[in-house]
Every structure is written in structure tokens, then in C-alpha cells.
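There are 4 protein chains.
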Amino acid sequence: MIEGKTTGRSRRIRLGMVGGGQDAFIGAVHRIASRIDDRYELVAGALSSTPERAARSAAAIGLDPERSYPDFQTMATAEAARADGIEAVAIVTPNHVHIPAAKAFLEAGIHVICDKPLATSLEEGRSLEEVLARSGGVFALTHNYTGYPLVRQARAMVEAGELGRIRIVQVEYPQDWLAEKIEETGHKQAEWRADPARSGAGGCIGDIGTHAFNLAEFVTAGTVREVCAEMTTFVEGRRLDDDIQILLRFDGGAKGFLWASQVAPGHENGLKIRVYGEKAAIEWVQADPNRMIFSPLGGNQEIVTRNGPGANAANKRVSRIPAGHPEGYLEGFANLYTEIADAIAAAQAGMAPPPDVIYPTLADGLRGLSFIEASIRSSKAGGVWTAI
Amino acid sequence: MIEGKTTGRSRRIRLGMVGGGQDAFIGAVHRIASRIDDRYELVAGALSSTPERAARSAAAIGLDPERSYPDFQTMATAEAARADGIEAVAIVTPNHVHIPAAKAFLEAGIHVICDKPLATSLEEGRSLEEVLARSGGVFALTHNYTGYPLVRQARAMVEAGELGRIRIVQVEYPQDWLAEKIEETGHKQAEWRADPARSGAGGCIGDIGTHAFNLAEFVTAGTVREVCAEMTTFVEGRRLDDDIQILLRFDGGAKGFLWASQVAPGHENGLKIRVYGEKAAIEWVQADPNRMIFSPLGGNQEIVTRNGPGANAANKRVSRIPAGHPEGYLEGFANLYTEIADAIAAAQAGMAPPPDVIYPTLADGLRGLSFIEASIRSSKAGGVWTAI
Amino acid sequence: MIEGKTTGRSRRIRLGMVGGGQDAFIGAVHRIASRIDDRYELVAGALSSTPERAARSAAAIGLDPERSYPDFQTMATAEAARADGIEAVAIVTPNHVHIPAAKAFLEAGIHVICDKPLATSLEEGRSLEEVLARSGGVFALTHNYTGYPLVRQARAMVEAGELGRIRIVQVEYPQDWLAEKIEETGHKQAEWRADPARSGAGGCIGDIGTHAFNLAEFVTAGTVREVCAEMTTFVEGRRLDDDIQILLRFDGGAKGFLWASQVAPGHENGLKIRVYGEKAAIEWVQADPNRMIFSPLGGNQEIVTRNGPGANAANKRVSRIPAGHPEGYLEGFANLYTEIADAIAAAQAGMAPPPDVIYPTLADGLRGLSFIEASIRSSKAGGVWTAI
Amino acid sequence: MIEGKTTGRSRRIRLGMVGGGQDAFIGAVHRIASRIDDRYELVAGALSSTPERAARSAAAIGLDPERSYPDFQTMATAEAARADGIEAVAIVTPNHVHIPAAKAFLEAGIHVICDKPLATSLEEGRSLEEVLARSGGVFALTHNYTGYPLVRQARAMVEAGELGRIRIVQVEYPQDWLAEKIEETGHKQAEWRADPARSGAGGCIGDIGTHAFNLAEFVTAGTVREVCAEMTTFVEGRRLDDDIQILLRFDGGAKGFLWASQVAPGHENGLKIRVYGEKAAIEWVQADPNRMIFSPLGGNQEIVTRNGPGANAANKRVSRIPAGHPEGYLEGFANLYTEIADAIAAAQAGMAPPPDVIYPTLADGLRGLSFIEASIRSSKAGGVWTAI
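Residue numbers (numbering that gives the first Met the number 0), protein chains in the order written: chain A, 0 to 387; chain B, 0 to 387; chain C, 0 to 387; chain D, 0 to 387.
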């Protein structure tokens with residue numbers, strides 16, 4: 000119970016949302032994340048592609064009915080025309096809507112915060128580059144795990160050379176919620192994720208594999224050069240992969256492995272990363288995110304905590320409360336939202352964002368799609384090493 | 000990544016705050032907690048007893064300067080006079096201000112959310128009873144640990160008899176931040192906690208011992224009848240206790256032990272409770288709050304998770320996101336705020352609160368003060384069993 | 000997989016055993032412990048008070064039938080008369096046999112290794128002092144937990160001042176095997192433990208409370224001066240305590256708490272000790288004995304392992320195999336046997352034992368009995384502080 | 000502290016040892032393992048290839064000097080000629096000696112217990128088949144991890160279908176002791192392991208990769224059909240691999256991954272296996288071997304303990320002491336020795352071994368060598384799927 004921190008703002012950013020109606024999971028997460036540090040005010044939405052559900056959802060969260068729109072295009076146009084129109088939008092739909100919506104808002108002069116994966120294909124994702132460049136707007140992708148304080152600490156330690164040259168990366172993201180074929184039982188979340196038209200060509204790889212991939216590159220500040228992928232669909236009749244096991248070769252010689260699965264009993268959201276260098280290693284597990292194991296070669300392992308005695312500046316910068324009081328998923332997500340608010344404020348002032356502001360961008364989204372496509376090519380060829 | 004939950008509201012409760020200016024810790028926590036489920040809007044404050052700091056703090060969090068007050072009495076009077084005045088106030092000051100402020104707001108017709116411990120003495124705490132009864136208002140005490148989903152599950156399991164008759168309770172709350180005499184180094188948080196005039200007669204016992212005590216009674220739905228206390232001040236020259244070790248006798252025959260310490264190296268906020276019944280036991284640790292160990296006699300131990308496959312209704316009711324994505328301290332705190340919002344809404348509608356709404360009340364606060372005073376009497380007498 | 004260690008001996012000590020027949024638990028443990036480092040050869044036994052079972056048990060473990068005796072007195076006399084008679088005896092009977100047997104062997108010039116607790120009463124225990132002094136023999140009490148490498152490391156760290164002055168000691172030994180009244184179901188182990196005639200006046204306190212007490216004094220190199228005890232019999236009709244919760248005051252001002260229970264669901268053998276000093280703390284758990292948490296004030300917690308990079312000399316001295324390959328209960332027990340073998344060899348050579356040889360002695364046994372009796376007096380008086 | 004178990008024997012098997020002189024690690028382990036259940040008596044040895052060290056080592060462990068031999072061939076001949084000659088021999092040398100020594104003893108009518116890996120090449124390993132068949136002797140390979148009680152439980156659960164059809168296997172064995180080039184510093188253990196002439200073509204893969212591979216096939220009762228291997232030498236100038244990352248395809252469709260490393264900071268002996276089936280999963284970690292996580296799909300995770308309430312017959316059968324008292328590496332190793340003693344006793348009686356006796360055999364050794372060679376071929380070809 001050490002010093003506090005007064006988070007606050009002079010003015011909230013007016014935010015809209017596309018997707019995130021009732022029964023959606025991630026929309027509620029984005030809304031909470033946007034509120035935690037009080038940097039946004041949600042004032043408009045196209046919360047569902049079903050107009051009636053859109054209206055009902057808008058009412059449930061207290062939106063002005065006038066600013067509940069039937070679709071994202073209408074919303075972009077109408078809000079751009081208002082003096083008090085939204086300054087940023089959160090896109091939290093199934094994957095196939097990400098790019099069309101992002102384009103509409105960027106073209107309307109509205110900054111975009113988009114869920115991952117970026118698009119249903121690399122080609123589609125790339126089509127955003129020109130629009131974004133032209134708009135001058137901020138585009139952020141919510142690879143939210145990069146917002147955890149100890150993930151920030153890990154990256155800073157790698158950058159500072161505290162692990163020495165990186166040799167090995169082990170990253171995994173197992174879940175068990177798709178161990179049976181629940182997409183045919185009316186389960187909304189499962190349904191669209193199992194549908195190539197809405198998800199893209201990747202199932203498990205798109206949904207959580209890209210998170211693991213992004214985390215591995217983020218923490219190591221490294222680049223995966225080649226993959227050798229074994230992608231499997233264990234549940235009979237499922238149309239997309241539900242388990243991926245992928246060997247990784249990094250620029251610079253590090254070797255790695257990425258496992259993501261949605262059929263691994265006992266795992267709720269088992270994201271875990273381990274990075275081994277010549278001098279030391281780190282291990283971090285998302286389900287218990289307030290501690291990280293630091294293993295200096297030849298010394299005792301140490302337990303580094305969020306905001307604790309061994310916290311570095313990168314860790315403290317995004318911690319709100321004293322060590323020992325756990326922060327969680329929503330606070331990590333909120334850290335991204337706050338970084339993005341800083342970036343938007345800078346953009347509005349015509350300035351570059353402050354140098355310590357970190358958030359995933361379009362480039363990260365394209366890396367993820369390249370990873371998906373290279374892995375699918377590798378796997379379809381029977382498991383051959385394939386360049387990303 | 001299962002079903003989501005649309006939290007929301009038709010109308011936010013207008014909230015004020017007393018205390019919680021810059022450098023305070025718990026004020027920021029209350030503000031975030033009040034925002035997470037979007038049930039409150041902070042519109043007024045008397046954030047510091049130093050007028051200049053009050054104004055600066057108000058500006059930092061975006062309050063209307065007109066509604067930043069120099070003291071709580073002025074605020075109570077002014078807000079009560081406004082048509083859009085606050086409906087509730089959060090009191091997050093050092094302990095000696097709790098009761099005077101609570102009285103002022105209750106008498107002005109404003110509901111009160113108060114940090115713990117309730118008061119600097121039992122006598123002072125009791126003086127609130129009559130005022131509260133007369134006001135008809137809601138009074139909530141933020142023993143926030145009762146808001147954690149697995150604490151709710153534990154209590155419901157005990158109530159349902161799943162542990163059998165309770166035999167043993169072990170509760171502890173060790174910290175290490177006062178292992179040295181930092182109260183003389185300008186550390187604000189330490190300073191007032193070490194000062195009997197602002198803290199009351201209890202140091203460690205008031206600051207965290209009451210949390211542990213409240214949690215023990217909450218989870219077991221039990222009542223501690225007698226204590227035998229060993230209260231110690233390890234740091235030379237400190238004016239209040241910094242370590243308490245207390246034997247407990249419960250109504251119904253259970254035996255327990257409560258340890259709280261602020262001088263125990265390695266513990267950040269090590270709140271932990273273990274309850275053993277005739278048929279089973281549970282164990283929960285605040286620093287890793289999304290799991291609880293359930294130990295049925297004669298069977299394997301089980302790991303119950305927040306919102307996971309073994310979650311009961313009480314657990315699910317206050318969970319926001321899927322299992323495996325950790326919720327933390329702020330979400331637990333927010334659960335109290337949301338319960339209290341329901342209670343306030345019911346009161347405003349002239350109705351009783353819904354039956355599943357749970358939050359700590361004046362009665363809990365008085366229990367805590369009785370515990371403090373009985374323990375001090377016990378310890379001063381050299382460690383004799385003393386009735387609460 | 001670091002360097003090995005050639006354990007061995009020039010000559011094995013000839014060992015006898017009293018108790019430890021079929022259905023006994025601890026006899027088999029002593030036999031394995033005596034073999035692990037190859038310092039003993041078991042050649043004689045009075046394995047059971049039932050002659051037929053004694054013979055059957057002797058045959059099962061390959062004893063020469065001629066050296067299987069019907070009772071300890073016969074064995075002491077006969078073995079003392081043989082040129083190749085036993086040099087040491089392990090007494091592994093119920094408690095009431097310890098002292099009579101120990102006297103018989105010491106008087107016959109045979110060294111004694113005795114299970115704990117020492118006796119059924121302090122008075123009985125003290126009666127051994129004179130016999131032992133006269134005999135000049137070695138008397139060792141198997142408080143086996145003191146044989147674990149990390150327990151040795153902890154004690155050495157305390158002695159070296161690495162924790163600073165000790166403030167707080169928390170020790171506990173919960174089990175659950177007596178949560179129901181199994182002593183009436185023919186369970187041999189439970190039966191004698193629940194019988195005051197064979198156990199003495201202490202139930203849980205004698206069986207495992209003394210282990211916890213011994214460990215607390217061993218690790219802290221401290222002396223408990225006073226106790227305030229709450230001893231309970233939770234299982235109806237049981238004749239001895241099955242749960243003890245005891246406040247401790249140490250010489251030098253440290254405060255502590257000891258909990259032992261045999262009715263705590265989920266605990267198999269949950270021995271755990273935590274020691275907090277002014278500068279640092281340690282935590283060790285018997286069920287996972289190859290690691291210890293070291294918590295320096297103001298630094299990261301560290302994980303010290305058996306024979307690992309942070310192992311001190313005391314830890315390495317009693318480790319056999321590389322770190323990461325777990326040693327367990329039997330190896331810790333064997334460490335005592337090996338220490339005792341060194342002590343016996345020294346005695347046989349007319350020399351003092353090497354200075355780093357550590358094993359519990361009669362003095363420890365008497366401390367344990369004093370602890371039991373003081374606690375019973377304290378508890379019977381309603382829970383008053385009582386000098387040991 | 001439940002029922003004990005009288006381990007014993009009517010007659011000890013006379014055992015010899017090849018290798019295991021001073022400074023060796025694994026020889027001491029074999030000797031302790033052979034003593035724990037008192038089924039063997041070590042009476043002869045050729046403990047070192049350096050005659051003087053052989054003699055010194057023999058003296059240190061109390062061998063009759065007459066039965067300390069300068070080399071294994073002399074020992075095989077001499078012991079076969081004695082009426083009281085050894086019945087079995089333990090071969091604990093560097094890998095290149097395994098096969099020549101095994102042949103010498105089998106041909107002399109002496110049973111063989113051999114350390115792993117079996118040989119320096121598959122071809123060399125296969126050359127033992129005919130000799131063994133002709134001899135009618137017992138040949139056991141000490142893949143000691145299969146002796147842990149919970150590994151036995153895991154296998155039995157898979158066999159009984161409690162996990163359903165197996166989908167995913169994750170096995171890893173990271174260490175850190177070769178993170179630097181210690182083989183050039185006079186470190187005996189490192190020296191021969193880094194020398195292809197003594198180790199064979201595999202470094203890390205032979206030393207610990209084969210353990211992980213054997214464990215994966217043992218627990219799943221499955222067969223790996225193909226591998227895709229990425230073998231790396233991270234330490235400059237080292238002649239053999241020090242990190243292997245290998246994708247596995249099992250007969251029956253399961254997919255897996257095997258990681259072994261000797262350059263992963265923080266890992267002492269981090270052997271860990273996770274097996275995921277359609278209905279449930281298990282997870283077991285060697286460093287904390289007395290517990291296993293069992294994860295039934297849709298239920299709470301459970302903690303299964305050695306000899307505890309959820310122990311099955313396979314677990315109990317090889318447990319010595321009550322749950323909660325940790326058994327470790329040496330006890331697991333001893334379980335193999337005891338199984339092998341039963342097999343030898345059966346062979347001596349001209350009978351088949353009891354059906355529940357389990358120990359790794361020549362077939363397992365050949366599997367390991369096939370795995371090494373297929374992996375090397377795969378890796379050398381740049382990482383292509385290769386049949387075992």
C-alpha cells in the first residue's frame with residue numbers, strides 16, 4: 000500500500016463502437032477498458048448487424064438512441080457530420096468486418112481501435128495501408144496482452160540486454176472451450192469463429208495463435224523469419240484448425256515453438272511465454288499475470304512482481320495499484336486504451352506520440368496475417384519450412 | 000472465451016468524493032471501481048484538506064472547479080442544494096474523518112460509501128447508528144475483499160453446507176512495507192497510519208487486521224465470540240502495533256487464528272483464508288484471486304476458478320469475463336460499487352434491495368471496531384481471552 | 000547434473016530394531032533410511048510385541064531367525080553378549096515403550112536411535128538423563144525434518160544473521176487423516192495414537208505438534224519461553240486433542256504461532272515453516288522440500304533450491320544428487336541416520352563427533368515434552384500464558 | 000500417516016557394477032537405488048577404466064578388493080567362475096561402453112541393468128538383440144522416470160481410457176548446466192557428454208531427449224511414427240547438439256512436441272509431460288513429482304497425489320510412504336530396481352515375470368536410438384518430416 004497515482008484527463012475522447020452488442024464478449028471488455036482510466040466517453044454505436052438488437056444493446060448501455068446506428072457506414076457518415084461527433088471508434092466485430100469498417104471511419108477522419116486479427120486475409124489487410132496513410136489517423140490493434148505491466152518489463156529487459164542474446168522462445172496459448180463441437184449448438188462466439196467466411200482461413204491460429212505470435216515478437220523485439228507448421232483439426236467436421244504446433248526460426252538465430260490449441264482440457268486461457276537468452280531467462284503466465292520468473296544463469300530464480308521491488312520503469316509506468324493487489328486482464332487492456340488515447344491526443348495536437356507510448360499497429364496486424372498465411376502454406380505442404 | 004455480459008445502466012448515480020487527492024492511494028482505487036461497471040459519474044469532490052491541493056487534484060481528474068470544495072461540510076450543504084447534486088459520496092480519508100463526514104452527508108440526504116475501518120473508536124462508530132437510522136440512507140463500508148467472485152463462492156459453499164460444520168479458520172494478512180520506520184521519511188501513507196490521532200488506537204489491526212477479520216466472518220457466515228491477542232510493535236519508536244497474532248473462538252465451536260503484519264518481508268498483500276469443515280475445506284489467496292482450492296475429505300483437491308466449470312451462482316454473478324482471463328483487485332472493488340448502486344437504486348425507488356445484493360454495512364464496521372477494542376484489551380492485559 | 004558424491008563406508012554399523020513389524024509405518028521408514036547411505040546393517044529385531052508377528056516380520060525382511068527376539072529386554076541382553084552383537088538400536092514403537100527400551104539398550108552398552116516424542120511424560124523423559132550420562136552412549140531422537148537440506152540451509156542462514164534479528168515465526172503441521180473417528184475402525188496407526196496409555200497426554204500435539212515445535216526452534220536457533228494454547232478435540236468421543244493452536248513467545252522477543260491439526264481436510268502432511276527477520280524471511284514447505292523462498296526486504300523473492308546455485312554449505316553437505324532431481328522424506332531421514340553413524344563412529348573411537356554433525360538429542364526430546372506439558376496446562380487453564 | 004508397507008526379501012541378488020567410480024554421478028544413484036528396497040547386495044565392480052581409481056573407488060564403498068576388477072571383461076569372466084558370483088550387473092559408464100559390456104555379461108550368464116541411452120548408434124544397439132535372445136537373460140534399461148508412482152498412474156489412466164483418445168502430447172526436458180562451454184573446464188560429466196566418440200551422434204538428444212521421448216511413449220502407450228526436428232548447437236565450438244525442438248506425429252493421429260535443452264537458464268531438470276485426450280488431460284512435473292494435475296473436460300482440475308486419495312493401483316503399487324511425505328528421484332529409480340529384481344527372480348525360477356512388473360527393455364533402448372537417428376536425419380535435411 001504505497002503511493003497512489005492519480006489517473007485522469009482534462010477531456011475525454013468521444014468514442015463509438017462497431018459490434019459489441021448483447022451476447023458479444025469482447026465488446027463489453029473494450030467498453031470497460033475504455034472507462035478504467037477515464038480517457039474516453041462512449042457516445043455512439045452500431046452495436047449489431049441486427050437493427051433491433053443494435054437498438055436494444057444501445058439502450059442497455061445508455062447510448063442516446065439517436066446515436067445508435069443500424070450499420071457502421073451510416074454511423075461514420077453521421078458522426079463525421081456532427082460537431083460533437085466521435086473522435087475514435089472501436090471495431091469489435093467478427094474478423095470479416097474489420098477492414099471495411101476501419102476504412103469507413105478512417106476516411107471519415109475518425110481514429111480506429113480494432114480487434115484482432117486484422118483481417119480475413121493478408122491481401123485484405125494490406126488494402127488498409129494506403130487508406131491509413133492518406134487519413135493521417137491513428138490505427139491501433141488490440142493485442143491486449145502487450146499491455147500487461149510484466150510483459151512490458153520483459154520486453155524492456157530483453158532490449159536492455161539483461162537476458163543476453165536470445166536463444167530459445169517457447170510460447171503457448173492453450174484453451175479447451177472448443178474441445179467439442181459447440182459451434183453447432185447455437186454458441187454465438189463459437190459459431191462465427193468456426194466459419195471461414197467470417198473468420199478467414201485460420202481458426203485457432205487467427206483467434207489465439209496470432210496473440211501468441213505477437214507476444215513472442217513483442218517480448219523479444221525479434222522477427223520470426225520462417226515457420227514449420229503442423230495445423231490440425233481434431234474435432235470431426237470442424238472447418239478450421241483447432242490446434243497448431245509451429246516451429247519458429249527468428250532472425251538472429253533464436254529457435255522457437257508456438258503452440259495454440261482450443262481442444263486442450265484444463266486450459267482456460269493458458270497463454271504463457273518463456274524466453275531464454277545466453278545470460279538469463281524469463282517466464283510469464285497470463286492467468287497469474289502479476290508475477291514473472293526471472294532466471295539469471297548461475298543464480299537463484301527470482302519472482303518479479305507487478306509494481307514490486309524489482310519492477311523496472313516500463314512495469315511501473317503501466318501499473319495503477321500497489322504490488323500484491325492483483326491487476327488483471329481488463330487493466331492490461333485498459334493500458335492499451337490509455338496509450339492509444341495519448342497517441343490520439345498527440346495526433347490531434349499535430350504532434351508525434353510521446354516516445355514511451357507503445358501500442359500494436361497496422362504493421363503488427365500485417366505480421367499476424369503473414370504468420371497465418373505462411374503457416375497454412377507450410378502445413379498444407381505437409382510441414383515444410385516456409386518464409387514469413 | 001464464452002458468453003459475454005452487457006453491463007450497463009440507464010442512468011449513472013451522481014457521486015462525490017471526500018479525500019482521494021493527489022498522493023492518496025485509495026481514492027484512485029474508488030474512482031476506478033466506480034467507473035468499471037459505469038454505474039456512477041463522479042461530479043464533485045473535497046479531495047484534500049489542503050485547499051490548494053484539493054483544487055489541483057480536482058482539475059487533474061476533470062471535475063468542474065465549481066464543484067471542488069474546500070471541505071466536506073461545505074460540499075454536503077452545497078450539493079444537497081443543487082438539483083443535480085450528488086446522490087452518493089465516497090469517503091476515502093484517514094480514519095478520523097470517516098464518521099464526521101458520513102454524518103454530514105447522511106444528514107444532507109446523501110448515501111455514503113465509506114472506507115474502512117469505520118472509525119477511530121467503537122464509541123465513535125456507534126454514534127453513527129442513530130444518524131443513519133434517521134436518514135434512511137444507504138451506508139456501505141468498503142471491505143472490498145468480499146467482492147471477489149471466489150470469496151462469494153466460498154461463502155455460498157459454507158452456507159450451503161458443502162464444507163460441513165466449520166471447525167478451523169486460518170486467516171492472515173501479512174505485508175512488509177512498514178518493516179522499517181518509513182513514517183518518518185515523509186511517506187504520506189505511512190505517516191497517518193502510524194498516528195493514533197488519525198488512525199485510532201489500532202495500527203496494523205485497523206488497517207488490515209479488520210479486513211482479515213471481516214473476511215473470516217464473511218466467508219464462514221460466523222461470529223467470533225472471543226479473542227486472545229498478542230499485539231506487537233516491532234519497529235522501535237512506532238506508536239501503534241505493526242504485528243498482531245490473535246486466537247479466535249467462534250460461536251458454534253470453531254477455532255481460529257488471525258495474523259496480520261506490516262513487518263513480514265516478502266509479503267506485498269498476502270491476504271489468505273483457509274476454512275476447514277467436517278467434510279471439506281477451502282483455501283483462497285488474494286494475490287492469485289482467480290482460483291480457490293477446494294478439498295473434499297477423502298478426495299482429490301480441486302482447483303475452482305473464477306467463472307470456470309466449478310463456479311457456483313454466487314461466483315458467476317459477480318464475474319465479468321471468461322475464466323482464465325484474470326480479474327483482480329479493482330474488479331472485486333467494483334463489484335461492491337455495483338452492489339451498492341443496486342442498493343441505492345432500490346432505496347431511491349423506495350424498495351428493499353434485491354435479495355442477492357451483498358455489501359458490508361455499518362454493522363460490519365461496528366464488528367471491526369469491537370474486534371479492535373477487544374484485541375487491544377486482551378493484549379494489554381498480557382494476553383487473556385476477551386469477549387468481543 | 001553436476002558432480003556426484005561417493006557415499007560409502009569402511010564398515011557398516013550393526014543395527015537392531017524394536018518395533019516396526021508388519022502394519023507399522025515408521026519401522027519401514029527407519030530401515031530404508033538406514034540403508035540409503037549404506038552405513039548400517041540391520042541384523043536383529045524385536046519387531047512386535049506379539050511373538051508370532053515378530054517372527055513373521057523378521058522373516059519378511061530377512062533377519063536371521065535366531066536374532067528375532069520376543070521382546071526388547073531379551074534382545075538387549077542377548078545382543079550385548081554376542082561378539083557380533085548390535086552396536087545401535089532403532090526404537091520405533093508406540094511412545095510408552097521408548098524410555099524403557101532406551102534404558103535397556105543404553106545399559107547394555109548399545110547406542111540408541113529413538114522415534115519421537117521421547118516419552119509419555121516429561122518426568123518419564125527426564126528419567127533417561129542419568130542412564131544416558133552413565134552409559135556414555137549416543138542417544139538420537141528422529142526429528143527427521145531437521146535432516147532436509149533446505150532446513151539445514153535455513154538454520155545456517157539464521158545463524159549467519161542473513162535474516163537479521165528474528166521477529167515472527169509461523170509454523171504449522173496440518174493433516175486430515177483423523178478427521179473422522181478411524182481409531183475405532185481397526186486402524187492400527189490411529190488406534191495407539193488415540194490411546195493416552197500408549198501416546199501420553201498429548202494426541203496431535205505429541206504426534207506432529209512436537210515436530211513443528213522442534214523445527215521452529217531448530218531453524219531459528221531460538222528458544223520458546225512461553226505458550227498460550229488452545230487445544231481442541233473436534234471428533235466427538237476422541238480421548239486426545241486433534242487440533243492445537245498455540246501462540247509462542249521466544250526468548251529475544253520474537254512472536255510466533257504453531258498450528259497442528261489432524262482434522263484439516265486437504266492436508267496430507269502439510270508441515271510448513273516461515274521465519275521473518277528484520278532483513279529477510281524464509282518459507283519452506285515439507286511437501287515440496289527441494290525449494291525454499293528467500294525474501295530479502297526490498298528485493299525480489301528468490302527460489303533457493305536443494306544443491307542449486309544458491310545452496311550454502313549446510314545444504315550441499317547433506318544433498319546427494321544434483322538440483323532438480325528431487326530428494327524427499329526418506330533422504331532427509333537418511334541424513335539423520337548418517338549423522339548419527341558419524342556420531343557413533345566417533346564415540347567408538349573415543350572422540351567427539353565432528354563439529355558439523357547435527358542430530359536431535361535427549362535435550363530436544365525433553366524440550367518437546369516440556370512443550371506438550373506447558374501447552375496442556377495452558378489449555379486446561381482456559382488459555383493462559385504458561386512458561387515452558 | 001496411514002498404513003506402512005514391509006519391503007523386504009528372502010535373499011538379496013548379488014550385484015556388480017561397471018563404471019560409477021569417484022566423480023561419477025549416476026553410479027552413486029544406481030547404488031542407492033539398489034539398496035532402498037534391500038533387494039540387491041553390491042559385491043563386485045569394475046568402477047573405473049583407470050585401474051588406480053577403480054581400486055580407490057572400490058575401497059571407498061567397501062568392496063572386497065579381490066572383487067574390484069580393472070575392466071569389465073575380466074570381471075565378467077571371474078565372476079561367472081565363482082560359486083558366489085554376481086547374478087546381475089549395473090552398467091553405468093559413458094555410452095560407448097554399454098553394448099560391449101552388456102554383451103560380455105549376458106554371454107557370461109549375468110543379467111544386465113544398463114543406463115541409457117542404449118548405445119552410440121542404432122546399429123550398435125541392434126547388435127545386442129541376438130546376444131540377448133541367446134542368453135535368455137534379463138536386460139533392463141534405466142529410463143528411471145517411468146518408475147515414478149504418478150507416471151505409472153498416468154499411464155494406467157491413459158490405458159483405461161480415462162483421457163479418451165489422445166490428441167496432443169507436450170513433453171519437455173530443459174536444463175541449463177551446459178549454457179556455457181564447461182566441457183573444456185575439466186568438468187568430467189560435461190566432457191564425455193560433449194564427445195561424439197563416447198556419447199554417439201546425439202548430445203542433448205541422447206542425454207535427456209531420449210528420456211523425454213521414452214516418457215512420452217510410456218505414458219501414452221503410444222508410438223511416434225514421424226519426427227520433424229530442429230536440432231541446434233548454441234554454444235560455439237560445441238561438437239554436439241545442445242537444444243532440440245521436435246514435432247511428433249503419433250500412430251493414431253495424436254500430435255506432439257518434444258523440447259530438450261541444456262542451455263535454458265533456470266531449469267535444473269525440468270522434465271514435464273502433458274497429455275491431452277478427448278475427455279481429459281494430465282500434467283506432471285518431475286521436480287515436484289508427488290502431484291499430478293488431472294483436468295477432466297468441463298470439470299474442475301484435480302490434484303492427484305502419490306499414494307493419496309485419488310491414487311490408483313499402479314500409483315500405490317510403487318509408493319512406499321504415506322501421501323504428503325515426498326518421495327523423489329531415488330525412490331523412482333529404486334522402483335525400477337525392484338521391478339527388475341522381480342524379473343530376475345522370475346527368470347531364475349524359470350518363470351515369466353509377474354504381469355504387473357514394468358521396466359524398460361532393449362526394445363525401448365532401440366526406440367530411443369531410432370528416435371535419435373531419425374531426428375538427426377530430419378534436422379540435417381533442414382527440417383523435414385522423417386519416419387522413425
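The C-beta atom is built at its ideal place from N, Cα and C for all residues, glycine as well. Please read these numbers as outputs of a predicted model, since none were measured by experiment.
For residue i and residue j, which I take to be in contact (beta-carbon distance under 8 Å), what is that distance rounded to the nearest angstrom?
| i | j | result |
| --- | --- | --- |
| D:D37 | D:R11 | 7 Å |
| D:G364 | D:P116 | 7 Å |
| A:C227 | A:G382 | 6 Å |
| B:R273 | B:Q169 | 4 Å |
| C:I185 | C:A193 | The sequence given here places Gly at residue 185 of chain C; Ile does not occur at that position. Contact doesn't hold; Cβ gap of about 12 Å is too wide. |
| C:Q152 | C:N311 | 5 Å |
Going along the chain, which residues of its own chain have a beta-carbon closer than 7 Å to the beta-carbon of residue i, five neighbours each way excluded?
| i | result |
| --- | --- |
| A:A333 | A32, I35, D36 |
So for residue i, helix, strand or coil by DSSP?
| i | result |
| --- | --- |
| A:V137 | coil |
| C:I371 | helix |
| B:D206 | helix |
| B:P148 | helix |
| C:V284 | strand |
| D:W384 | coil |
| B:M156 | helix |
| B:A230 | A small fix is needed here, since residue 230 of chain B is Met in this sequence, not Ala. Reduced to three states, the DSSP call for B:M230 is strand. |
| D:F24 | coil |
| D:A279 | strand |
| C:P295 | strand |
| B:E161 | coil |
| D:M74 | helix |
| A:Y358 | coil |
| B:H29 | helix |
Is there at least one Cβ from chain A nearer than 8 Å to residue i's Cβ?
| i | result |
| --- | --- |
| B:Y336 | no |
| B:I31 | yes |
| C:P148 | no |
| B:I1 | With a pLDDT of 30 at B:I1, under the threshold of 50, the modelled position of that residue is not reliable, and no figure is offered here. |
So, is the C-beta of residue i closer than 8 Å to a C-beta in chain B?
| i | result |
| --- | --- |
| A:D37 | yes |
| D:E301 | yes |
Using a C-beta cutoff of 8 Å, does residue i count as contacting chain C?
| i | result |
| --- | --- |
| A:G297 | yes |
| A:P354 | no |
Between which residues of its own chain and residue i is the CB-CB distance below 6 Å, once the five residues before and five after are set aside?
| i | result |
| --- | --- |
| C:P93 | W191, R197 |
Cβ-based contacts, 8 Å cut-off: residues of the segment 319-332 of chain A near chain B: Here the close residues are R319, I320, P321, A322, G323, H324, P325, E326, G327, Y328, L329, E330.
Residues in the segment 256-284 of chain D having any Cβ partner in chain B nearer than 8 Å: Answer set for the segment 256-284 of chain D: empty.
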